[in-house]
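Engineer: With the first letter of the sequence shown counted as 1, position 93 gets the number 93 in the working numbering; the numbers rise by one all the way through.
We treat Cβ as the ideally placed atom computed from N, Cα and C, and that holds for glycine.
The structure is given below, and queries will be raised subsequently.
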Amino acid sequence: MHSRDTLSDGPPPFRWSSLWKAPVVNPLNLKSYTIPIFNLNNRYSVSFHLSWLGFLVAFLSWFAFPPLIPEAIKSDLKLTNAQVANSNIIALLATLLVRIVVGPLVDRYGPRKVMASLLVLGAIPSGLAGTATKASHLYAIRFFIGILGGTFVPCQAWTTAFFDKNVVGTANALVGGWGNMGGGITFIIMVSLFQQLIHSGLSDHIAWRVAFVAVPVPVLLSVAALTMIFGWDHPAGKWEDRHKLSAHAAVPGHCPVMVQEKEVDEKDFDKEKSQGVSVQVKEVSDAPNNIQSELDVAVNEPLTLKTAMAIVSNPLTWLPAIAYMTT
1 MHSRDTLSDG PPPFRWSSLW KAPVVNPLNL KSYTIPIFNL NNRYSVSFHL SWLGFLVAFL
61 SWFAFPPLIP EAIKSDLKLT NAQVANSNII ALLATLLVRI VVGPLVDRYG PRKVMASLLV
121 LGAIPSGLAG TATKASHLYA IRFFIGILGG TFVPCQAWTT AFFDKNVVGT ANALVGGWGN
181 MGGGITFIIM VSLFQQLIHS GLSDHIAWRV AFVAVPVPVL LSVAALTMIF GWDHPAGKWE
241 DRHKLSAHAA VPGHCPVMVQ EKEVDEKDFD KEKSQGVSVQ VKEVSDAPNN IQSELDVAVN
301 EPLTLKTAMA IVSNPLTWLP AIAYMTT
């Protein structure tokens, strides 16, 4: 936790100033009660922005083919409508498979490292996009570029790790929505770049290939580097340190009741004893500062076949999955 972060024993009411002031942190789990998107001098804001930025450039590169297929790729590779449709299906199929694998990897290594790794892996087939000369090449390249769709998992896991339950839904919605913009921005960027290259004298055959090297590859590698250099695994520090948070944490602003035993006057004791009553006198003293509060700590367990089957067969897994699929 940064020295300028503010501790609070409960979520504060929303104020517009919370968007640029230091984060208000829950001392029990070190998650932020606020989303200070305009204050970059803390790990919460930095991780927030890197999560959606990584997701955005992944979507930009993942959907870089569709805007150029009708412009140049379809005619250059002599593709039929069915082959174009198949390439779109393959690109989405890859994401389905990748996300199944990425989930356990995030549990093991943390969202920051997984995000950066996916961006680097996605940059490789993006750079090789220009080597495609027929439909089968396009299928293979789009399949491996589909790896980038898996960035949705670390994107959501990252903000979930940094923001408390009163704002985690808002944080997830913001990074998910801003990241999805990459799918729209790529139509503007890739088409504009392609047309500029054509005006510069390049042929259609060369221009679309250069476009992939000029945009997706450098932005993917740059954001991956930013993620590793400036990102944080967890509010507690390293990802493996997330379970080292104390099960008891001090909540500031409360005064606990400190109880001490005090000797009972012998005369009073004899009197109570004669009446058959057992009395213990205690002295209450006010001590400043902290009260000890219980903290529930969730511990990740290794994924086993039995656990995986229980998750897959649970309706709570399928209901949101089906709802997401319909969109």
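Given this structure, state the Cα-to-Cα distance separating P216 from G10, to the nearest angstrom.
Structural biologist: Cα-Cα distance, rounded: 43 Å.
Engineer: Compare the beta carbon distance of M115 and T227 with 7 Å and say whether it is the shorter of the two.
Structural biologist: Yes.
Engineer: Quick check on V223: buried or exposed, where buried means 16 or more other Cβ atoms within 10 Å of its Cβ?
Structural biologist: Buried, since its Cβ has 16 or more Cβ neighbours within 10 Å.
Engineer: Below 6 Å CB to CB, which residues in the same chain sit around S18 once its five sequence neighbours on both sides are set aside?
Structural biologist: Closer than 6 Å at Cβ, skipping near neighbours: T34.
Engineer: Would you mind reading off the limits of the alpha helix (DSSP H) that contains L28?
Structural biologist: Here L28 belongs to no alpha helix (DSSP H), and DSSP marks it neither H nor E.
Engineer: Is it right to say G122 is buried, meaning 16 or more other beta carbons lie within 10 angstroms of its own, or is it exposed?
Structural biologist: Under this definition G122 is a buried residue.
Engineer: By the 10 Å Cβ neighbour count, where 16 or more other Cβ atoms means buried, how is I89 classified, buried or exposed?
Structural biologist: Looking at its Cβ environment, which holds fewer than 16 other Cβ atoms inside 10 Å, I89 is exposed.
Engineer: Three-state secondary structure (DSSP) at G201?
Structural biologist: In this structure, G201 counts as coil in the three-state DSSP scheme.
Engineer: So, at 7 Å on beta carbons, what are the nonlocal neighbours of K113 in its own chain, with the 5 sequence-adjacent residues on each side left out?
Structural biologist: Within the same chain, K113 has no close Cβ partners at all.
Engineer: Considering just the uninterrupted stretch of the alpha helix (DSSP H) at T326, what are its terminal residues?
Structural biologist: Where T326 is concerned, the enclosing alpha helix (DSSP H) stretches over P315 to T326.
Engineer: In the DSSP assignment, find the unbroken alpha helix (DSSP H) run with G54 in it and report its ends.
Structural biologist: Segment R43 to W62, the alpha helix (DSSP H) holding G54.
Engineer: So the candidates are V153, V191 and L221; which of them puts its Cα closest to the Cα of G179?
Structural biologist: That would be V153, whose Cα lies nearest to the Cα of G179.
Engineer: Suppose you measure from the CA of W52 to the CA of P27; what does that come to, to the nearest Å?
Structural biologist: When rounded, the distance between both Cα atoms is 26 Å.
Engineer: In terms of residues, what are the limits of the alpha helix (DSSP H) holding K306?
Structural biologist: K306 -> alpha helix (DSSP H) spans L305 to V312.
Engineer: Could you give the first and the last residue of the continuous alpha helix (DSSP H) run that contains L138?
Structural biologist: Run containing L138: A135 to I145, per the alpha helix (DSSP H) assignment.
Engineer: Considering only residues of the same chain and omitting the five flanking positions on each side of L193, which have a CB-CB separation below 8 Å?
Structural biologist: Result list for L193: A211, A214 and V215, in chain order.
Engineer: If you draw a straight line from the C-alpha of L92 to the C-alpha of V101, how long is it?
Structural biologist: In a straight line, the C-alpha of L92 is about 15 Å away from that of V101.
Engineer: CA-CA distance, R99 and A207?
Structural biologist: When rounded, the distance between both Cα atoms is 32 Å.
Engineer: Provide the residue span of the alpha helix (DSSP H) that contains D107, from first to last.
Structural biologist: From DSSP, the alpha helix (DSSP H) with D107 extends over N81 to Y109.
Engineer: Exposed or buried, K244, counting other C-beta atoms within 10 Å across all chains shown (16 or more means buried)?
Structural biologist: It is exposed - the Cβ of K244 has fewer than 16 other Cβ atoms within 10 Å.
Engineer: CA-CA distance, W318 and T307?
Structural biologist: Roughly 16 Å separates the two Cα atoms.
Engineer: Hey, quick one: how far does the alpha helix (DSSP H) through S222 stretch, first residue to last?
Structural biologist: Note, S222: alpha helix (DSSP H), P216 to F230.
Engineer: Quick check: what's the CA-CA separation for A58 versus L50?
Structural biologist: The alpha-carbon atoms of A58 and L50 are separated by roughly 12 Å.
Engineer: From the DSSP secondary-structure annotation, give me the bridge partner or partners of H234.
Structural biologist: In DSSP, H234 forms a bridge with G237.
Engineer: Given that a residue counts as buried once 16 or more other Cβ atoms are within 10 Å of its Cβ, and exposed if not, what is F38?
Structural biologist: Result: exposed.
Engineer: Taking V191 and P67 to be in contact with their CB atoms under 8 Å, please state how far apart those CB atoms are, rounded to whole angstroms.
Structural biologist: So it is a contact: roughly 5 Å between Cβ atoms.
Engineer: Measure the Cβ-Cβ separation of W232 and R43 and say whether it is below 7 Å.
Structural biologist: Their beta carbons are under 7 Å apart, which means W232 touches R43 by this criterion.
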